[in-house]
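Student: I have a structure here, written as structure tokens, and I will follow up with some questions on it.
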Amino acid sequence: MNRLIAGTILGFLVFGASAFGAVDWQQDYDLGLAKAKKDKKLVMVDLYTDWCGWCKKLDKDTYANKDVADKLTKDFVAVKLNPEKNPTGLKLARQFGTRGYPHIVFLSADGNKVSEIGGYLPPKDFLKQLEMVTDKAAKK
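Heads up: the sequence shown begins at 1 in our numbering, then just goes up one per residue.
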């Protein structure tokens with residue numbers, strides 16, 4: 001009986017980790033930029049707050065979507081910062097002119113702004129935006 005319970009708990013933990021762990025979130029902006037330079041990728045900075053319902057929906061619906069997570073992993077270094085708890089996040093929110101959350105900003109590996117999304121987008125629309133960002137960056 002104990003093995004059954006342990007196996008069930010382990011299964012939930014593995015499923016939970018795979019469902020929400022698909023995007024390799026960086027918590028340090030400077031390390032994210034360095035990784036993007038090294039890997040020749042773009043940077044996506046997600047500025048969020050703990051109280052933001054749309055931020056939570058973005059995490060649950062959009063970032064957990066396999067196609068979105070695959071595209072982010074392939075072409076971006078994803079950085080997630082809470083400006084209310086992270087001084088670098090606060091500095092970036094001011095620099096990027098954040099007026100609400102979530103605020104997603106796309107950058108070149110040199111830190112130059114390529115595009116942005118203000119607010120929540122469902123997976124299909126978010127994926128279209130990711131495609132447009134990578135196409136725009138490739139033309140530069």
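Cβ coordinates follow ideal geometry from the N, Cα and C atoms, glycine included.
Closest to V79 by CA distance: which of K91, D61, W51, D30 is it?
Tutor: D30
Student: Run through DSSP, which three-state label would D135 get?
Tutor: helix
Student: Could you tell me which residues DSSP puts in a beta bridge with A78?
Tutor: Beta-bridge pairing links A78 to M44.
Student: What residue range does the alpha helix (DSSP H) around K37 cover?
Tutor: Boundaries of the alpha helix (DSSP H) harbouring K37: 29–39, taken from the DSSP string.
Student: Hey, could you find the ends of the beta strand (DSSP E) K113 is sitting in?
Tutor: 113–118
Student: Taking L42 and L92 to be in contact with their CB atoms under 8 Å, please state how far apart those CB atoms are, rounded to whole angstroms.
Tutor: Not a contact, Cβ separation roughly 16 Å.
Student: With respect to the alpha helix (DSSP H) encompassing L162, which residues constitute its N-terminal and C-terminal limits?
Tutor: Nothing can be reported for residue 162: it is not among the residues displayed for the chain, which extend from 1 to 140.
Student: Once the 5 residues before and after L72 are set aside, which same chain residues still bring their CB inside 6 Å of it?
Tutor: V23, A78
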